[in-house]
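J.: Take a look at this one; I'll ask things after.
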Amino acid sequence: MTALTSSTSWQQLTALAEQVKTQHMRDWFAADPKRAQKYTVAACGIELDYSKNLITDEVLAALQSLANESQVAEKRDGMFAGDIINHTEKRAVLHTALRNYSGKPVLVDGQDVMPEVQACQQKIKDFVASVHKGERKGLSGKPLTQIVAIGIGGSFLGPKIMSETLKPYWFKGVKVHYVANVDGCHIQDVLAGLDHEETLVVMSSKSFTTQETLQNTLTAKAWFLKAGGTQQDIAKHFIAVSSNIKAATDFGMAEDNIFPMWDWVGGRYSLWSAIGLPIALTIGYEHYEALLKGAYAMDEHFQTAPAEQNLPMILALLGVWYINFFGAQSHVLLPYYHYMRGFPAYVQQLDMESNGKRIAGDSTVTDYATGPIIWGSEGTNGQHSFHQLIHQGTVLVPADFMLPLNVPNQDKTHHAMLASNCFGQTQALMQGKTLAECKADLAAKGLDAATLESLATHKTMPGNKPSNTLLFDQVDPATLGALVALYEHKVFVQGAIWGVNSFDQWGVELGKELGNQVLDKLVNTQAELSFDSSTNQLINKFRQANA
Ligand SMILES: O=P(O)(O)OC[C@H]1O[C@H](O)[C@H](O)[C@@H](O)[C@@H]1O
């Protein structure tokens, strides 16, 4: 047994889970009319109702003990202080410095990073203003109105999804197009129809070594030159964001056109750095800054709110409860807001790349489950497809429902329907429908006894399915910033409890390495193949098809 599974609180939680499994939330709600009030907390524009969970005060106290035993607070303070907590890559983890509005320094190797961070923010601000005012012009003097943002992973999901979510705040004069996949269809589709004289390419790659991003940028450059641009015009139309300035200049980026970032910012935590430049171009710097300030507010909350009112702590502990004591393997995110439709994919990278790990501490293989599968999509669409499994399937899928109470210019009828579906789903998941209720319904319809008996079993819904409901007054930039930081810190707390390094990604790195080895064999068609027989066969098929 590892230290975690043999800890007192873990043992206590194991016993409590057995007790809780014999109880029903429906009865808890009936017994305590104040349950919702008791298990609702709010901060930074987000109200979390977690009353529809399989929890009691005793469970919550034991979960908090687990967090204490795992030294979550100490680890949190270490992250904010710039300790080298990404120990496999020997790096500090300081995305929080990028939204640090406290006026206090943040030290890395004894050096305050805030002046550099602020200088970069000023550079972003000036750049965005020059594009939006039409002062920064293309080769023929036209303003740059079409932005092609190239990146992948954290250099893509954050900018794309935050921009999509903040549609009501879009600056009217520019349009930002995102390209990630190395599948040539993607960049071809985006470039088709664009006027190179009005196009600005923003290449975002922390490492400046990512195959997809390099290739897509080369393709964009070739398109630009073919359309009539010259080598000298490149500096007007191509800029880069990277921590690898040398590789970016070697690639041909003008030094002035490179926005810096730092190795202490992880890819999936990088939207707060200059990787967020396409967001600022989409919504304007003022709104972008509000996004950062919203995240800062959540950072403050995370560091100061007591555990029982601490949103990231609560979400994290609930997750641990279901993953480790109920065997839940996935967690679904259900934003009831069309513009937030990409949010589950954002959290998917954040959570799965961070906590999809099996080694704890220095080298112990865990004897407990860690990060879950994160999935989901916008409501109400899922109600007409996969919600079936959440209601009546054999696996437990804890859910986070999300809903803005106000949406600018939203039709009131549509919005009421949207909200009613969101609330109705959480209610149905919690209470279910008993056999007796189903029988009564069917009897009222006049069904014969045999049909009624059989059908009623099928219609019975166990309920007792956990969900959180997160309400926002509006999904404005500040609230969205706080929400993203909330999930970042949730992931942090869980990683701290499980003892994994939430900030490396060796599995992803291996994929990159193997992909390059295979590419070599696809390009050098005569090269001998010495992979496994399946991989060799696949390569041969490709060679034949492309001969
Ligand atoms: O920004 P880049 O260096 O191009 O990296 C892009 C992405 O590459 C990898 O797949 C990492 O796992 C991601 O976390 C990262 O965001």
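Numbering (this note's numbering), first residue to last: 52 to 598. Ideal Cβ placement from N, Cα and C applies to all residues, glycine included. These numbers were taken from a predicted model, which means no experiment stands behind them.
(1) Give the secondary structure of Y339 by DSSP, where H, G and I count as helix, E and B as strand, and everything else as coil.
(2) Measure from the alpha carbon of D234 to the alpha carbon of each residue in E263, N591, L503, then state which is nearest.
(3) Tell me which residue opens and which closes the alpha helix (DSSP H) that H183 is part of.
(4) Report all residues from its chain with a CB closer than 8 Å to the CB of E429; omit the five preceding and five following residues, and keep chain order.
(5) Would the beta-carbon of I330 fall within 8 Å of that of N267?
(6) Look at the alpha carbon of V292 and the alpha carbon of E539, and state the distance between them as a whole number of angstroms.
(7) Comparing the CB of L516 with every heavy atom of ligand 1, is any distance shorter than 7 Å?
(8) Does the distance from the CB of G546 to the CB of L342 come in under 8 Å?
(9) Cβ of K408 versus every heavy atom of ligand 1: is any distance shorter than 7 Å?
(10) Cβ-heavy atom distance between R319 and ligand 1 below 7 Å?
(11) Report back the beta-carbon spacing between A143 and W315 to the nearest angstrom; my notes put them in contact at under 8 Å.
(12) Determine the closest residue to E404 out of F437, I425, Q74, with distance taken between C-alpha atoms.
(13) So, for K184: in the same chain, excluding its five sequence neighbours on each side, which residues have a beta-carbon less than 6 Å away from its beta-carbon?
(14) Would you tell me roughly how many angstroms separate the C-alpha atoms of A536 and A68, rounded to the nearest one?
(15) Given a cut-off of 8 Å on the beta-carbon distance, is the pair P455 and F523 in contact?
(16) What residue from Q354, L573, V252, Q443 has the CA that sits closest to N597's CA?
(17) Identify which residue in K103, T431, P423, T59 has its Cα closest to the Cα of H466.
(18) According to DSSP, what are the bridge partners of F523?
(19) DSSP three-state label for L401, please.
(20) Within the segment 190–240, note down every full beta strand (DSSP E) run reaching 3 residues or more, in order along the chain.
(21) In whole angstroms, what separates the C-alpha of G161 from that of G133?
(22) I'd like to confirm the pairing. Which residues does DSSP put opposite M254 in its beta bridges?
(23) Between T65 and ligand 1, is the CB less than 7 Å from at least one heavy atom?
(24) Is the number of C-beta pairs between the segment 503–519 and the segment 475–490 that are closer than 8 Å three or more?
(25) From the DSSP secondary-structure annotation, give me the bridge partner or partners of T91.
(26) Quick check on the DSSP output: what are the complete alpha helix (DSSP H) runs of length 4 or more inside the segment 366–448, in order along the chain?
(27) So does the segment 278–292 actually touch the segment 237–251, counting three or more Cβ pairs closer than 8 Å?
(28) Going by C-alpha to C-alpha distance, which of Q525, Y90, F554, T300 sits closest to V458?
(29) Would DSSP call Q461 helix, strand or coil?
(30) Contact check, T73 vs Y419 under 8 Å by CB: the rounded distance?
(31) Using the Cβ count rule (16 or more neighbours within 10 Å means buried), how would you classify C607?
(32) Measure from the alpha carbon of H288 to the alpha carbon of each residue in G192, P219, T260, then state which is nearest.
(33) Have a look at K408, P513, T520 and flag the residue whose alpha-carbon is nearest the alpha-carbon of A450.
(34) Which word fits N151, buried or exposed, when buried means at least 16 other C-beta atoms lie within 10 angstroms of its C-beta?
(35) Relative to ligand 1, is the shortest distance from any of its heavy atoms to the C-beta of V559 smaller than 7 Å?
(36) So is P84 buried or exposed if we call it buried at 16+ other beta carbons inside 10 Å?
T.: Here's the rundown:
(1) helix
(2) E263
(3) 165–183
(4) L385, P386, Y387, Y388, H389, M391, R392
(5) no
(6) 22 Å
(7) According to the sequence displayed, residue 516 carries Lys and not Leu. K516 Cβ: outside cutoff for every heavy atom of ligand 1.
(8) no
(9) no
(10) yes
(11) 4 Å
(12) I425
(13) none
(14) 29 Å
(15) yes
(16) L573
(17) T431
(18) I97, P455
(19) helix
(20) 197–201, 226–230
(21) 10 Å
(22) I201, A291
(23) no
(24) yes
(25) D100
(26) 394–406, 438–443
(27) yes
(28) Q525
(29) coil
(30) Not confirmed; about 23 Å, so no contact.
(31) As displayed, the chain neither begins before 52 nor continues past 598, which places residue 607 out of reach and without an answer.
(32) G192
(33) T520
(34) buried
(35) yes
(36) exposed
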